[in-house]
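Worksheet: the structure to be examined is printed underneath.
Chains as they are written, first to last, in my numbering: chain A, 1 to 248; chain B, 1001 to 1414.
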């Protein structure tokens, strides 16, 4: 039997039989790739997914809250206050980083010749670091999807550093364990704060942090629209990141 | 007290020590040299990890966290698996021609795995936590967990096998030998799997490495057997007996076959790297005409494959001088094969394709002398344990002259 993805009649017949677990698995798989843009892969949470599954399904994300971040790269002015905010909130030593602002120069471009690309842990839905760690020192938080560290278990084999496609990890001498961005869970979110340090301090509102499972959240709204392209970095690694990039 | 003094164990220990101390000046010089290397390596590693901190001592960093010491670990465990596999041809799978090398190979397999564990213990940041959490908090999806656990069981089975071989219980030894082979292959392919399953690393990802590791293990094992058997003959200062010489001749043929297999795999690895993305292309370029070209063409291809192959061909399994030269070259170059395998896959920055300033240069790696010393510590332990083993077990003399073979035959045949 040949699978016809746009045969709507069959799709809806099939959709009725999809269990809740299947739906959740689908969302864990990640968003649908619809193109390639600026070193990343464009994804859309709505277009193809809504064709395949009944309406209402997109409200269900694997985690509640499902923490994500949208980075609006064209707004970034490269002031790197986000990096400083991260350092002071999370006591990041000078030899390491949890977030970084990368800089690309294109001299031959017309008009703007430089752009900035903030990077951090992508809090992947299919995190290669978590699979690789031999002792569950790094794990995916079952409630909010943040990839966290249990420092006391870390044996310092550094395989997670190699496994991470985003260079998001470093060995912290003071903790004697691998350190990484935890969306400020330890320093802020667990104390009742609603936003992460890098987002709070950003003067250009580049980093929009929020809950992808909440339709009222800005992150949800930015992801679930068709007007502007949204992309992720290193889609081909199949890590299913929760950091999205867009312009505007 | 008097009884204890006269017990067979104490007598055996005294005899063994006598044999060690009467080994002659050359033997004792090498034994001292290897012992010093071992002690220096341990001191360097302990100082680096627990006093200075690895960031200040080792040449590894965020972008290249795995390097010389991981390569050294791989080198030793590859050798161990290879020794186990090659020796099993005789005493597990019943090819009697390989029997004379069995005991020494099994002991060498044990020594090399311990050397590997020694180096890895001085590489990972918290070795004591590993001992606890490998059992207290296992991650069954992790290749490292499987590799570590399977190698531990492999080591235990091999130790039992060695003791049984010494007591000439060949049938039971064969059973534990089979377990060692099974667990060794499983552990070793998981070592390949550690790299092969990293889907963020293009150069490693795919089924190539587990297969390559097993085949190159056989190549390494053969080289180790040739080297250490001929060295053992020199230590004993007597002519190698016919059975052992025949076994060695077969091992040299096996080594040639394995070199051919590794050449074949290397060629296809290179061909496939011409496609599949920029990272693979850049890595291939660096390997064959860039910063790693000397290491690849001279150390890996010439010293590790081409020259040893022809030396072994010329030796015809009889000229031990040529075989020894081939084995030394192979072992020397296999070390660089491991280093290149580990480092090359990390030289292209992960954000390369973004074209950003911060990651516009390829990463480079140079080991520090403290790191090199730890690697030498592993080599020191290996050499020291081999030299001691030869004297403690009296050069495995019982197995020569056909006595052990006959014993094995008598026991394994109804």
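No residue lacks a Cβ here, since even glycine has one placed at the ideal position from N, Cα and C. This one's a predicted model, so the numbers in the text were calculated from it and none came from an experiment.
* To do: For chain B, find out if any of its Cβ atoms is closer than 9 Å to the Cβ of residue 37(A); answer yes or no.
  => Sequence index remark: in the first chain, residue 37(A) carries index 37 (1-based). Low confidence applies to residue 37(A): its pLDDT is 45, below 50, so where it sits in the model is not reliable, and the reading given next is rough at best. Not closer than 9 Å to any Cβ of chain B, the Cβ of residue 37(A) fails to qualify, so no.
* Asked: Is there a Cβ from chain B that is less than 9 Å from the Cβ of residue 176(A)?
  -> Your numbering for residue 176(A) matches position 176 in the first chain. It does: the Cβ of residue 176(A) has a partner Cβ on chain B nearer than 9 Å.
* To do: Run the CB neighbour count on residue 1371(B), radius 10 Å, all protein chains shown included, and call it buried at 16 or more, exposed below.
  => Sequence index remark: in the second chain, residue 1371(B) carries index 371 (1-based). Buried, by the Cβ-count rule.
* Do we get a CB-CB distance below 9 Å when we pair residue 1075(B) with the residues of chain A? -> Against the second chain, residue 1075(B) aligns to sequence position 75. Judged by the 9 Å Cβ criterion, residue 1075(B) is not in contact with chain A.
* Residue nearest to residue 1078(B) in terms of C-alpha spacing, selected from 1185(B), 1103(B), 1123(B) and 1156(B) -> Stepping through the second chain from its first residue, residue 1078(B) is reached at position 78. Checked all of 1185(B), 1103(B), 1123(B) and 1156(B); the closest Cα to residue 1078(B) is 1185(B).
* To do: Starting from residue 1059(B), follow the beta strand (DSSP E) in both directions and report where the run begins and ends.
  => In the second chain, counting from the first residue as 1, residue 1059(B) sits at position 59. Counting along the chain, residue 1059(B) falls outside any beta strand (DSSP E), and DSSP gives it neither H nor E.
* Asked: Taking the continuous alpha helix (DSSP H) assigned at residue 210(A), which residues delimit it?
  -> Position 210 of the first chain, counting from 1, holds the residue named residue 210(A). Unbroken run through residue 210(A) is the beta strand (DSSP E), 207-211; no alpha helix (DSSP H).
* Asked: Shorter than 9 Å from the beta carbon of residue 103(A) to some beta carbon of chain B?
  -> In the first chain, counting from the first residue as 1, residue 103(A) sits at position 103. Closer than 9 Å: yes.
* Span separating the alpha-carbon of residue 1160(B) from that of residue 163(A) -> Counting from one through the second chain, the residue named residue 1160(B) turns up at place 160. Counting from one through the first chain, the residue named residue 163(A) turns up at place 163. Cα to Cα, residue 1160(B) sits roughly 36 Å from residue 163(A).
* **Min CB distance residue 146(A) to chain B below 9 Å** => As a first step, residue 146(A) is located in the first chain; it is residue number 146 there, counting from the start. For residue 146(A), the answer is no, since every Cβ of chain B falls outside 9 Å of its Cβ.
* List the residues of chain A whose Cβ lies closer than 7 Å to the Cβ of residue 1354(B), in chain order. => What you label residue 1354(B) is simply residue 354 of the second chain in a count that begins at 1. Listed along chain A are 39, 102, 104 and 117, each with a C-beta nearer than 7 Å to that of residue 1354(B).
* Is any heavy atom in the ligand ADP found nearer than 8 Å to the beta carbon of residue 152(A)? -> In terms of ligand content, the structure shown is empty, and the ligand ADP therefore cannot be addressed.
* Please report the Cβ distance between residue 1279(B) and residue 1202(B), rounded to the nearest whole angstrom; I am assuming they are in contact, meaning their Cβ atoms lie under 8 Å. => Here the question's residue 1279(B) lines up with position 279 in the second chain. Here the question's residue 1202(B) lines up with position 202 in the second chain. Their Cβ separation, rounded to whole angstroms, is 5 Å, which keeps residue 1279(B) and residue 1202(B) in contact under 8 Å.
* **Cα-Cα separation between residue 245(A) and residue 136(A), rounded to whole angstroms** => The residue given as residue 245(A) occupies position 245 in the first chain. The residue given as residue 136(A) occupies position 136 in the first chain. Rounded to the nearest angstrom, the two C-alpha atoms are 29 Å apart.
* Asked: Using DSSP with H/G/I as helix, E/B as strand and the rest coil, what is residue 104(A)?
  -> Here the question's residue 104(A) lines up with position 104 in the first chain. Strand.
* To do: Would you be able to state if there are at least three C-beta pairs under 8 Å between the segment 1384-1395 of chain B and the segment 1049-1060 of chain B?
  => no
* With 9 Å set as the bound, which would you pick, yes or no: does the beta-carbon of residue 80(A) sit closer than that to a beta-carbon of chain B? -> Residue mapping note: residue 80(A) aligns to position 80 of the first chain, counting from 1. So, not an interface residue.
* Asked: Excluding sequence positions up to five away, which residues of its chain have a Cβ less than 8 Å from the Cβ of residue 1368(B)?
  -> Taking the first residue of the second chain as 1, we reach residue 1368(B) at position 368. Within the same chain, residue 1368(B) has close Cβ partners 1057, 1058 and 1059.
* Asked: Along the chain, where does the beta strand (DSSP E) that runs through residue 1143(B) open and close?
  -> Within the second chain, residue 1143(B) is the residue found at index 143, counting from 1. From DSSP, residue 1143(B) is part of no beta strand (DSSP E) but of the alpha helix (DSSP H) over 1143-1166.
* Listed by chain order, chain B residues near residue 164(A) by CB distance under 7 Å -> The residue labelled residue 164(A) in the question sits at position 164 within the first chain. Those are 1200, listed as they occur along chain B.
* Asked: Counting only beta-carbon atoms, is residue 1144(B) nearer than 9 Å to chain A?
  -> To locate residue 1144(B), count along the second chain from 1; it is residue 144. Closer than 9 Å to some Cβ of chain A, the Cβ of residue 1144(B) qualifies, so yes.
* Check whether the Cβ of residue 1126(B) lies closer than 9 Å to any Cβ atom in chain A. => Sequence index remark: in the second chain, residue 1126(B) carries index 126 (1-based). Closer than 9 Å: yes.
* To do: Output the residue ranges of the beta strand (DSSP E) runs that lie fully inside the segment 151-207 of chain A and measure 3 residues or longer, sorted by chain position.
  => 170-172 and 177-179
* Asked: Are the beta-carbon atoms belonging to residue 1300(B) and residue 1337(B) less than 9 Å from one another?
  -> Here residue 1300(B) is taken as the residue at index 300 of the second chain, counted from 1. Here residue 1337(B) is taken as the residue at index 337 of the second chain, counted from 1. Contact: yes.
* Is it true that the CB of residue 121(A) sits closer than 9 Å to the CB of residue 104(A)? -> As a first step, residue 104(A) must be located in the first chain, where it is residue number 104. As a first step, residue 121(A) must be located in the first chain, where it is residue number 121. Contact: no.
* Do you know offhand how far residue 1325(B)'s Cα is from residue 1157(B)'s? -> For the purposes of this step, residue 1325(B) is taken as the residue at position 325 of the second chain. For the purposes of this step, residue 1157(B) is taken as the residue at position 157 of the second chain. Those two C-alpha atoms are separated by around 32 Å.
* Taking Cβ positions only, does residue 128(A) come closer than 9 Å to chain B? -> As a position in the first chain, residue 128(A) is number 128, starting the count at 1. So yes, residue 128(A) belongs to the interface.
* Cut-off 6 Å between Cβ atoms - residues of its own chain near residue 234(A), not counting five sequence neighbours on either side -> For the purposes of this step, residue 234(A) is identified with residue 234 of the first chain, where counting begins at 1. Counting only Cβ-Cβ distances below 6 Å, and skipping sequence neighbours, we find 165.
* **Any chain B beta carbon closer than 9 Å to residue 208(A)** => Translated into positions along the first chain, residue 208(A) becomes position 208. The C-beta of residue 208(A) comes no closer than 9 Å to any C-beta of chain B.
* To do: Quick one: give me the first and last residue of the alpha helix (DSSP H) that residue 1073(B) is part of.
  => On the second chain, position 73 is the one that residue 1073(B) refers to. Looking at the DSSP string, the run of the alpha helix (DSSP H) that includes residue 1073(B) is 1068-1091.
* According to DSSP, what are the bridge partners of residue 1225(B)? -> Counting from 1 along the second chain, the entry for residue 1225(B) is found at position 225. The partner list for residue 1225(B) (beta bridge, DSSP) is empty, contrary to what the question assumes.
* Asked: Which two residues bound the contiguous alpha helix (DSSP H) that contains residue 1392(B)?
  -> For this step, residue 1392(B) is matched to residue 392 along the second chain. Judged by DSSP secondary structure, residue 1392(B) falls within the alpha helix (DSSP H) whose first and last residues are 1369-1392.
* To do: Could you say which of 125(A), 61(A) and 202(A) lies nearest to residue 241(A) if we only look at CA atoms?
  => Within the first chain, residue 241(A) is the residue found at index 241, counting from 1. Minimum Cα distance to residue 241(A) is reached at 125(A).
* Asked: Taking the alpha-carbon positions, what's the residue 1294(B) to residue 1332(B) distance?
  -> The count along the second chain starts at 1 and reaches residue 1294(B) at position 294. The count along the second chain starts at 1 and reaches residue 1332(B) at position 332. Their Cα atoms are separated by approximately 14 Å.
* Asked: Does residue 961(B) get closer than 9 Å to chain A when you measure Cβ to Cβ?
  -> Residue 961(B) is absent from the model: chain B starts at 1001 and stops at 1414.
* To do: Return the chain-ordered list of same chain residues with a C-beta closer than 8 Å to the C-beta of residue 1256(B), the five sequence neighbours on each side being excluded.
  => Here residue 1256(B) is taken as the residue at index 256 of the second chain, counted from 1. Closer than 8 Å at Cβ, skipping near neighbours: 1309, 1312 and 1313.
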